[in-house]
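Okay, structure first, notes after.
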Amino acid sequence: MTLEEYHRLTPLPHPQGVVYVKPGARGYPDPVYDLLARAVEPFGRRALDLNPGVGWGSLPLEGRMEVERLETSKAALLALKKSGLKARRALPWEAEEEAYDLALLALPAGRGSRYTHLSLLAAARALRMGGRLYLAGDKNKGFERYFKEAQALLGYGLLLKREGPVRVALLEKEKKAPPLGEVWSVFTEGVQGTAFRFHHLPGVFSAGHLDPATLLLLESLEEVRGLEVLDLGAGYGGLTLPLAHRGARVAAVEDDWASLLSLQRSLEENGLVAEVFHSDVDEGLPKEARYDIVVTNPPFHVGGSVLLDVAQAFVHAAHARLRPGGRFYLVANPFLKYEPLLEALFGHWEVLRQDRYKVLFAVRR
Ligand SMILES: C[S@@+](CC[C@H](N)C(=O)[O-])C[C@H]1O[C@@H](n2cnc3c(N)ncnc32)[C@H](O)[C@@H]1O
Numbered sequence: 303m304t305l306e307e308y309h310r311l312t313p314l315p316h317p318q319g320v321v322y323v324k325p326g327a328r329g330y331p332d333p334v335y336d337l338l339a340r341a342v343e344p345f346g347r348r349a350l351d352l353n354p355g356v357g358w359g360s361l362p363l364e365g366r367m368e369v370e371r372l373e374t375s376k377a378a379l380l381a382l383k384k385s386g387l388k389a390r391r392a393l394p395w396e397a398e399e400e401a402y403d404l405a406l407l408a409l410p411a412g413r414g415s416r417y418t419h420l421s422l423l424a425a426a427r428a429l430r431m432g433g434r435l436y437l438a439g440d441k442n443k444g445f446e447r448y449f450k451e452a453q454a455l456l457g458y459g460l461l462l463k464r465e466g467p468v469r470v471a472l473l474e475k476e477k478k479a480p481p482l483g484e485v486w487s488v489f490t491e492g493v494q495g496t497a498f499r500f501h502h503l504p505g506v507f508s509a510g511h512l513d514p515a516t517l518l519l520l521e522s523l524e525e526v527r528g529l530e531v532l533d534l535g536a537g538y539g540g541l542t543l544p545l546a547h548r549g550a551r552v553a554a555v556e557d558d559w560a561s562l563l564s565l566q567r568s569l570e571e572n573g574l575v576a577e578v579f580h581s582d583v584d585e586g587l588p589k590e591a592r593y594d595i596v597v598t599n600p601p602f603h604v605g606g607s608v609l610l611d612v613a614q615a616f617v618h619a620a621h622a623r624l625r626p627g628g629r630f631y632l633v634a635n636p637f638l639k640y641e642p643l644l645e646a647l648f649g650h651w652e653v654l655r656q657d658r659y660k661v662l663f664a665v666r667r
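When the letters of the sequence shown are read in order and numbered with my numbering, they come out as residues 303 to 667.
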């Protein structure tokens with residue numbers, strides 16, 4: 303898939319209109335969102351979708367209620383915008399309190415139990431008393447446990463639909479929701495003799511400790527002082543902070559809003575500076591921006607399945623954004639085969655390090 307193909311938004315006909323989808327954006331095709339869409343019925347005036355992805359689950363409510371969507375992924379936000387569906391960039395727990403008649407939550411599989419717990423709490427807090435929550439998920443990804451948790455938070459609930467491992471439940475809010483509490487975490491980690499304090503929200507990659515692959519990539523880099531470095535998929539800044547500390551001028555792109563807020567806070571608290579872009583791969587960067595070095599620890603797990611579309615788009619973007627002579631460093635699991643794509647784009651590649659992870663290196667000709 304080329305970079306142009308990755309960024310293409312594709313229209314899908316749907317009984318309620320047209321929904322646009324794209325690689326890297328959650329929610330289609332997805333049996334959880336599909337069953338949610340087939341279960342949901344209007345109730346009251348205002349609905350809130352707390353994990354909309356491309357908007358498939360709440361689409362049947364469109365035109366029958368006022369539907370608001372809170373989304374964190376830039377890729378999904380681009381698709382929602384193109385479909386003309388009302389959405390804003392926000393975390394689930396930033397929803398207005400006791401303001402909605404109906405809430406929808408496709409359990410955010412793959413974002414961990416803390417993020418999921420806070421999403422359930424957010425739903426409970428956003429609903430008015432007597433309001434309803436549609437909860438959708440997969441029984442192999444903790445649906446039963448989260449359904450019980452939702453019942454403890456809200457009250458009465460029943461299982462509405464099941465199809466294979468996918469479940470949709472409906473709950474009614476019968477009691478006041480507990481307070482949100484602290485959502486931020488912090489940890490300190492030393493990188494080549496310097497201690498950094500990483501602040502992060504729930505649901506980010508490698509919460510609570512630096513990923514060993516990130517550390518391996520940092521050990522593999524040569525001099526970066528004064529150079530312009532692009533960090534693709536920056537997370538809370540496991541690469542960006544040490545690079546900024548070493549004197550690089552870093553541009554960091556990140557699709558996930560929770561990760562991006564974590565990165566901004568970590569930079570501030572460590573007295574470091576980098577340019578930060580909420581961006582689906584490189585679409586948020588200035589068109590002309592080019593770099594001396596590109597680094598990446600690309601994503602490959604989306605909801606438990608290996609998804610290489612985004613990671614491959616990272617490699618294409620690295621090639622497109624490097625100046626001639628610019629250097630590309632990628633760290634990955636040895637079983638992921640980036641080498642053919644590096645060969646095709648850069649004409650060559652090298653393995654710099656091979657441990658539990660491998661660091662691949664290529665120069666832009
Ligand atoms: C394996 S993590 C690496 C994070 C960080 N660089 C580190 O080493 O700790 C990959 C990151 O890519 C981000 N990501 C996923 N899809 C993306 C996309 N389409 N555009 C930009 N970033 C994306 C994820 O949110 C995640 O933070």
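By construction, the Cβ of each residue, glycine as well, lies at the ideal position given by its N, Cα and C atoms.
Contact test: Glu-556 Cβ vs ligand 1 heavy atom, cutoff 7 Å: Residue numbering aside, residue 556 sits at position 254 when the sequence shown is read from its first letter. Answer for Glu-556: yes, Cβ within range of ligand 1.
C-alpha distance - Pro-315 paired with Glu-364, whole-angstrom precision: Translated into the one-based positions of the sequence shown, residue 315 becomes position 13. Translated into the one-based positions of the sequence shown, residue 364 becomes position 62. Pro-315 and Glu-364: Cα-Cα distance of roughly 15 Å.
For Lys-376, three-class secondary structure by DSSP: As a working mapping, residue 376 is identified with position 74 in the sequence shown. Helix at Lys-376.
Spatial neighbours of Leu-361 in its chain, beta-carbon cut-off 8 Å, leaving aside the 5 residues before and after: One-based indexing of the sequence shown puts residue 361 at position 59. Closer than 8 Å at Cβ, skipping near neighbours: His-316, Gln-318, Gly-319, Val-321, Ala-339, Leu-387.
N-terminal and C-terminal residue of the alpha helix (DSSP H) that Thr-418 is part of: Reading the sequence shown from its first residue, position 116 is the one you call residue 418. That run of the alpha helix (DSSP H) goes 414 to 428.
Endpoints, alpha helix (DSSP H) assigned at Pro-333: Locating residue 333 in the sequence shown gives position 31, where the first residue counts as 1. From DSSP, the alpha helix (DSSP H) with Pro-333 extends over 333 to 341.
Range covered by the alpha helix (DSSP H) that runs through Phe-630: Looking up residue 630 in the sequence shown gives position 328. No alpha helix (DSSP H) holds Phe-630; the beta strand (DSSP E) holding it covers 624 to 634.
Cβ-heavy atom distance, Asp-332 to ligand 1, below 7 Å: Taking the sequence shown and counting its residues from 1, one reaches residue 332 at position 30. No, Cβ of Asp-332 sits at least 7 Å from all heavy atoms of ligand 1.
Distance cut-off 7 Å: Ala-536 Cβ against heavy atoms of ligand 1: Position 234 of the sequence shown, counted from the start, is the residue given in the question as residue 536. At least one heavy atom of ligand 1 is nearer than 7 Å to the Cβ of Ala-536, so yes.
Segments assigned alpha helix (DSSP H), at least 4 residues, entirely inside the region 546 to 607: 559 to 571
Distance CB(Arg-348)-CB(Glu-368) smaller than 8 Å: Taking the first residue of the sequence shown as position 1, residue 348 is located at position 46. Taking the first residue of the sequence shown as position 1, residue 368 is located at position 66. A contact, by the Cβ cut-off of 8 Å.
Distance, Gly-346 Cα to Thr-490 Cα: Numbered from 1 along the sequence shown, position 188 holds the residue referred to as residue 490. Numbered from 1 along the sequence shown, position 44 holds the residue referred to as residue 346. Cα to Cα, Thr-490 sits roughly 47 Å from Gly-346.
Rounded C-alpha distance that separates Gly-459 from Asp-351: By one-based count along the sequence shown, residue 459 stands at place 157. By one-based count along the sequence shown, residue 351 stands at place 49. Rounded to whole angstroms, Gly-459 to Asp-351 spans 18 Å at the Cα level.
Val-493 vs Pro-544 beta-carbon contact at 8 Å: Taking the sequence shown and counting its residues from 1, one reaches residue 493 at position 191. Taking the sequence shown and counting its residues from 1, one reaches residue 544 at position 242. Closer than 8 Å, so yes.
Backbone secondary structure at Val-470 - three-state DSSP: What you label residue 470 is simply residue 168 of the sequence shown in a count that begins at 1. Strand.
heavy atom of ligand 1 below 7 Å from Asn-572 C-beta: As a working note, residue 572 is residue 270 in the sequence shown. Asn-572: no, Cβ never under 7 Å from ligand 1.
Sufficient close CB pairs (3 or more, under 8 Å) joining the region 578 to 594 to the region 551 to 567: yes
Own chain residues within Cβ distance below 8 Å of Asp-513, not counting five before or after: Counted from its first residue, the sequence shown places residue 513 at position 211. Hits under 8 Å: Phe-507, Gly-540, Asn-599.
Residues bridged to Leu-662 (per DSSP): Taking the first residue of the sequence shown as position 1, residue 662 is located at position 360. For Leu-662, which the question treats as bridged, DSSP gives the partners Leu-632, Val-653.
Nearest residue (CA-CA) to Arg-620, options Leu-382, Val-597, Arg-567, Arg-499: As a position in the sequence shown, residue 620 is number 318, starting the count at 1. In the sequence on display, residue 620 carries Ala and not Arg. The candidate whose alpha carbon is nearest that of Ala-620 is Val-597.
Exposure of Phe-637, with buried meaning 16 or more beta-carbon neighbours within 10 Å: For this step, residue 637 is matched to residue 335 along the sequence shown. With fewer than 16 Cβ atoms within 10 Å of its Cβ, Phe-637 is classed as exposed.
Rounded Cβ spacing between Phe-445 and Leu-409 (contact assumed at less than 8 Å): Here residue 445 refers to the residue found at position 143 of the sequence shown. Here residue 409 refers to the residue found at position 107 of the sequence shown. Right, the Cβ-Cβ distance comes to about 7 Å (below 8 Å), so this counts as a contact.
Bridge partner(s) assigned by DSSP for Leu-610: The residue you call residue 610 lines up with position 308 of the sequence shown. None; Leu-610 has no bridge partner.
Arg-623 burial status per 10 Å Cβ neighbour count (16 or more: buried): Sequence index remark: in the sequence shown, residue 623 carries index 321 (1-based). That one is buried.
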